[in-house]
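For the working numbering, add 16 to where a residue sits in the sequence shown, where the first one is 1.
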Amino acid sequence: MDLSITIAGVRFPSCVMNASGALCVTHEELLALGRSRAGAIVTKSMTIEPRDGNPTPRYYGFPGGSINSMGLPNLGYRAYAALIPELKTFGKPVIASVAGLCEDDFQIIATVINAAKPDLIEVNLSCPNIPGKPQIGYDTEASERLLKRVRKVITVPMGVKLPPYFDPAHHSAMGSVIGRCGVDFLNLINSVGNGLVVDPEHEVVVIKPKGGFGGLGGASIKPVALANVRAFWKIFEGRMPIIGTGGVVSGVDAFEHLLCGATAVQIGTVLVEEGVNVFDRLETELVAQLSKKGYASLEECRGKLKEL
Ligand code: RRO
């Protein structure tokens with residue numbers, strides 16, 4: 017079965033790709049994604065200056081998922097801009113993830129990275145792990161101001177990576193902002209921010225930064241991710257392409273995201289845990305699930321979740 021998809025006019029050879037942050041910081045990691053069956057190469061969110069990130073340990077995997085407080089370790093936007101031409105030779109889209117420590121940073125990075133011609137740009141409004149920097153996506157006015165600024169300098173399709181929302185009023189408020197800012201696609205969701213995982217044996221937190229608080233990912237956040245995909249699918253009546261991210265560990269998880277309205281899915285925790293061969297497994301499992309349920313294509317099942 018054909019798992020290729022199109023988002024904002026850009027064709028992806030597969031609907032399963034890495035989530036920004038997972039095995040996509042270094043040159044070598046990005047090349048490994050290029051050689052893998054990932055449907056795209058998504059870069060780590062980038063800042064102006066290279067960053068080492070927060071002190072370690074800063075990632076912890078557990079049976080239900082993961083917690084991280086990486087703190088934006090990345091090579092800096094100049095390095096990613098220089099790598100884009102090589103990354104584009106793998107025959108799959110390159111998505112540059114843009115972050116920043118203030119609004120001006122986003123604009124500078126967006127301008128230069130746009131000039132390097134990634135296939136798409138994702139604006140990350142939802143990093144939960146920089147001490148003293150609240151997630152922009154929880155501030156609708158700041159989000160609107162920022163998106164309108166970067167939209168002016170971005171000429172490729174522009175997506176927005178949002179944090180999870182937990183109330184329809186917040187979905188609706190952010191939906192209105194998105195509708196006013198020329199957004200071409202959404203990526204839902206970033207990690208569930210500021211969770212806390214406890215080791216009861218040693219009576220201690222499991223990651224060092226921020227007293228142990230960090231973003232949750234993996235299996236346990238799937239219902240939150242699905243809810244956000246579904247809520248925004250409904251707000252935009254199926255006309256806004258959505259990348260579903262959160263809790264995709266199997267082909268059936270990917271299928272659930274598609275039913276809720278996702279066009280593609282991204283993987284973070286399971287990619288870190290299994291490495292780039294996970295893309296082969298997920299493709300095989302997704303094809304098996306689609307066939308089992310009688311779907312002949314991805315389009316046929318997109319958004320088709322039934323309600324009672
Ligand atoms: O680097 C991180 O700590 C990080 C980022 Br930028 C993000 O967007 N989401 C996340 O879970 N971790």
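Quick reminder that beta carbons are idealized off the backbone N, C-alpha and C, glycines included.
The Cβ atoms of A112 and L88 do not sit closer than 8 Å to each other. The Cβ atoms of S207 and N140 do not sit closer than 8 Å to each other.
Rounded to whole angstroms, the separation of the alpha carbons of G310 and P179 is 33 Å. Within the same chain, no residue comes within 8 Å of L324 by CB-CB distance, once the 5 residues on both sides are set aside. For E138, the uninterrupted beta strand (DSSP E) segment begins and ends at 136-140.
The three-state secondary structure of A185, taken from DSSP, is helix.
Of all C-beta pairs linking the segment 137-153 to the segment 172-187, three or more are shorter than 8 Å, placing the two stretches in contact. Distance check between E301 and each of F271, D183, A132 places F271 closest, using alpha-carbon atoms only. In this structure, the CA atom of N70 is about 10 Å from the CA atom of N84. By the criterion of a C-beta distance shorter than 6 Å, V286 is surrounded in its chain by V265, V294, once the five residues flanking it on both sides are discounted. Minimum Cα-Cα distance from R67 among the listed residues G260, R94, E253 corresponds to R94. Apart from sequence neighbours up to five positions away, the residues of its chain that approach G81 with a beta-carbon distance below 8 Å are L232, G233, G234, A235, S236, I237, G263, T285, ordered along the chain. Proximity of the beta carbon of G231 to the ligand RRO is indicated: a heavy atom of the ligand is located closer than 7 Å. C-alpha of K168 to C-alpha of C31: approximately 28 Å in a straight line. Burial is judged here by how many other beta carbons sit within 10 angstroms of a residue's own beta carbon; A185 has fewer than 16 and is exposed. Taking the Cα positions, G277 is about 27 Å away from A158.
Taking 8 Å as the cut-off, the beta carbon of Y154 is found no closer than this to the beta carbon of I129.
Beyond the five residues adjoining it in sequence on each side, L91 comes within less than 6 Å, by CB distance, of P66 in the same chain, given in chain order. By alpha-carbon distance to G211, the top candidate from L204, G228, I205 is G228.
With a contact defined as Cβ atoms closer than 8 Å, L163 and V199 qualify at about 7 Å. For T156, the closest of C197, I259, I23, D18 by C-alpha to C-alpha distance is C197. Put simply, the backbone Cα of N34 is about 10 Å away from that of R53. Residue nearest to P239 within the set H273, L321, I223, E253 is H273 (criterion: CA-CA distance).
Cβ contact annotation for G191 (same chain, cutoff 6 Å, sequence separation greater than five): I251, in chain order. The beta carbon of K149 sits closer than 7 Å to the beta carbons of L117 from its chain, once the five residues preceding and following it are set aside; these are given in chain order.
Per DSSP, T279 lies in no beta strand (DSSP E) segment and is marked neither H nor E. In terms of Cβ geometry, L46 and T59 form a close pair [threshold 8 Å]. The DSSP-derived three-state label of D18 is coil.
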